[in-house]
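Per the working numbering, the sequence shown starts with residue 37, numbered consecutively.
C-beta: ideal position from N, C-alpha, C; glycine also.
Values in this document were obtained by computation on a predicted structure and should not be read as measured data.
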Amino acid sequence: MNVLLLGGTGGIGKLALQRLLEQGHTVTAMVRHTTDLPVHEQLERVQTTLLDCSETWLEERLGKVDAVISCLGHRPTFSGLFGNPRRLVHDSLNRVLRVLARQPRRPVKIILLGSSGCVNSLRKERLPAPDRLVLTLIRHLVPPHADSEQAAELLASQRRHNPFLEWVVVRPDSLINAENASPYEARVSPVRSPIFNSGESSRINVAHFMVALLSDASLWAQWRHEMPVLYNTSPVADSSN
Ligand SMILES: NC(=O)c1ccc[n+]([C@@H]2O[C@H](COP(=O)([O-])OP(=O)(O)OC[C@H]3O[C@@H](n4cnc5c(N)ncnc54)[C@H](OP(=O)(O)O)[C@@H]3O)[C@@H](O)[C@H]2O)c1
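The following block contains the structure:
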């Protein structure tokens, strides 16, 4: 597939890029610094961001892609968490959707990195009251959480507005690093408290699941228009946050 990857220099994004290339996909990676990316014949490295690139370039590029994967996230620095763009994930996704809406309808898959703390309104999810209380505080104090929530909600609303668009929001629980992929499960909704009893999700498992959604048509059919929550099912040997 021809894939546009956002956030390909991040913890999950790097692993998704590696997996995409291993599985023979053709990738355009939009990043702030192309020097952070490998060189590969199936990879086009583009030094710009979704929020900065020209409309003409984006229209031309989105006219060719089969899928867009967003692994964007706010860097855990003061400026990453509290500086601009405050709605990095939402606004990048929104721009993609606006351009796609102007183009002739054709199947494009969108895979968005979310979080177990974002509820799936389509399934009328409701977290336990203590979680909701803490998440309300986080929403007001830490802008990236609201950004993730709004991005997931934007995709959920596309189901009503644009029935041709297919998407999956992948929701990890607490992210950890691991050298190798390990067994994990995908659940339709959180089965643990994301705040008080969160499980672990290896970045490599998250990346592999995102790419498997593109490579495996039956997996896509299973999760299309859903927000799977990923949990490692066995402890990983070499993990660090
Ligand atoms: N922490 C958790 O336990 C947890 C749990 C569930 C979900 N999550 C979600 O997962 C994300 C973390 O994933 P990760 O570890 O893969 O993230 P990460 O390593 O921080 O990667 C973030 C990516 O976003 C890019 N980015 C950041 N700010 C940007 C900007 N202003 N313009 C363009 N690109 C920008 C970064 O590019 P540069 O390389 O240029 O900085 C990088 O590619 C979190 O943000 C959260 O949404 C986290």
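Can you list, in chain order, the residues of its chain with a C-beta nearer than 8 Å to that of Asp183? Leave out the 5 residues immediately preceding and following it. Within the sequence shown, the letter at position 147 stands for residue 183. So the list reads His110, Arg122, Arg123, Leu124, Val125 and His126, once near-sequence residues are dropped.
Stretch pair the segment 175-182 + the segment 235-247: three plus CB contacts closer than 8 Å: Verdict: no, contact absent.
Please report the distance separating the alpha-carbon of His261 from that of Gln186. Numbered from 1 along the sequence shown, position 225 holds the residue referred to as residue 261. Numbered from 1 along the sequence shown, position 150 holds the residue referred to as residue 186. His261 and Gln186 have their C-alpha atoms roughly 16 Å apart.
Between the segment 197-208 and the segment 142-155, do at least 3 Cβ pairs fall closer than 8 Å? Here the segment 197-208 makes contact with the segment 142-155; the two share three or more CB pairs at distances below 8 Å.
If you measure from the CB of Thr113, is any heavy atom of ligand 1 nearer than 7 Å? Position 77 of the sequence shown, counting from 1, holds the residue named residue 113. No, Cβ of Thr113 sits at least 7 Å from all heavy atoms of ligand 1.
Just how far apart, CA to CA, sit Leu148 and Val206? Position 112 of the sequence shown, counted from the first residue, corresponds to residue 148. Position 170 of the sequence shown, counted from the first residue, corresponds to residue 206. Each residue's Cα considered, the two are about 6 Å apart.
Examine ligand 1 and report whether any of its heavy atoms sits within less than 7 Å of the Cβ of Leu149. Here residue 149 corresponds to residue number 113 of the sequence shown, with the count starting at 1. Indeed, a heavy atom of ligand 1 lies less than 7 Å from the Cβ.
Flag this pair as touching only if the segment 49-68 and the segment 78-98 have three or more C-beta atom pairs under 8 Å; answer yes or no. In this structure the segment 49-68 lies against the segment 78-98, because at least three pairs of beta carbons, one per stretch, are closer than 8 Å.
For Glu96, report the span of its alpha helix (DSSP H) as first-last. As a working mapping, residue 96 is identified with position 60 in the sequence shown. Glu96 -> alpha helix (DSSP H) spans Glu91 to Leu98.
Please name the residue or residues paired with Ala222 in a DSSP beta bridge. Here residue 222 corresponds to residue number 186 of the sequence shown, with the count starting at 1. For Ala222, which the question treats as bridged, DSSP gives the partners Leu266.
Check: His110 C-beta below 7 Å from any heavy atom of ligand 1: Counted from its first residue, the sequence shown places residue 110 at position 74. For His110, the shortest separation between its Cβ and any heavy atom of ligand 1 lies below 7 Å.
Exposed or buried, what is Leu137 when buried is set at 16 or more other beta-carbons lying within 10 Å of its beta-carbon? Taking the sequence shown and counting its residues from 1, the one referred to as residue 137 is at position 101. What sits at residue 137 in the sequence shown is Ala, not Leu. By the 16-neighbour rule on beta-carbons within 10 angstroms, Ala137 is exposed.
Determine contact between the segment 66-76 and the segment 215-223, defined as no fewer than three beta-carbon pairs at a distance below 8 Å. By the C-beta criterion, the segment 66-76 is judged not to be in contact with the segment 215-223, since fewer than 3 inter-stretch pairs fall below 8 Å.
Nearest CA to the CA of Ala243: which residue from Asn156, Gly235, Asn213 and Pro112? To locate residue 243, count along the sequence shown from 1; it is residue 207. Measuring C-alpha to C-alpha distances from Ala243 to each of Asn156, Gly235, Asn213 and Pro112 identifies Asn213 as the nearest.
Can you tell me which of the three DSSP states Asn213 falls into? Reading the sequence shown from its first residue, position 177 is the one you call residue 213. Reduced to three states, the DSSP call for Asn213 is strand.
Give me whichever residues DSSP pairs with Trp256 in a beta bridge. What you label residue 256 is simply residue 220 of the sequence shown in a count that begins at 1. The partner list for Trp256 (beta bridge, DSSP) is empty, contrary to what the question assumes.
Here's a check: name, in chain order, each residue in its chain whose Cβ is nearer than 6 Å to the Cβ of Val101, leaving out the five neighbours to either side. Here the question's residue 101 lines up with position 65 in the sequence shown. The residues are Asn38 and Leu40.
C-beta atoms of Ala192 and Ser234 nearer than 8 Å: For the purposes of this step, residue 192 is taken as residue 156 along the sequence shown, with counting starting at 1. For the purposes of this step, residue 234 is taken as residue 198 along the sequence shown, with counting starting at 1. Cβ atoms of Ala192 and Ser234: not closer than 8 Å.
Thr64 in three-state terms, based on DSSP: Working through the sequence shown from its first residue, we reach residue 64 at position 28. Reduced to three states, the DSSP call for Thr64 is strand.
Can you list, in chain order, the residues of its chain with a C-beta nearer than 6 Å to that of Cys289? Leave out the 5 residues immediately preceding and following it. Missing from the structure shown is residue 289; the chain here goes from 37 to 277 and no further.
Please identify the residue among Gly150, Lys160, Val170 and Leu79 whose C-alpha is closest to the C-alpha of Leu211. Residue 211 sits at position 175 when you count from the first residue of the sequence shown. Taking only the C-alpha atoms, the option nearest Leu211 is Gly150.
For Leu108, tell me which candidate among Ser225, Ile174, Gly43 and Leu255 has the shortest Cα-Cα distance. Here residue 108 refers to the residue found at position 72 of the sequence shown. The candidate whose alpha carbon is nearest that of Leu108 is Gly43.
Minimum length 3: unbroken beta strand (DSSP E) runs contained in the segment 143-174: With a minimum length of 3 residues, the continuous beta strand (DSSP E) runs that stay inside the segment 143-174 are 145-149.
Distance between beta carbons of Val247 and Arg55, contact taken as under 8 Å: The count along the sequence shown starts at 1 and reaches residue 55 at position 19. The count along the sequence shown starts at 1 and reaches residue 247 at position 211. About 4 Å separates the beta carbons of Arg55 and Val247, which is inside the 8 Å limit, making them a contact pair.
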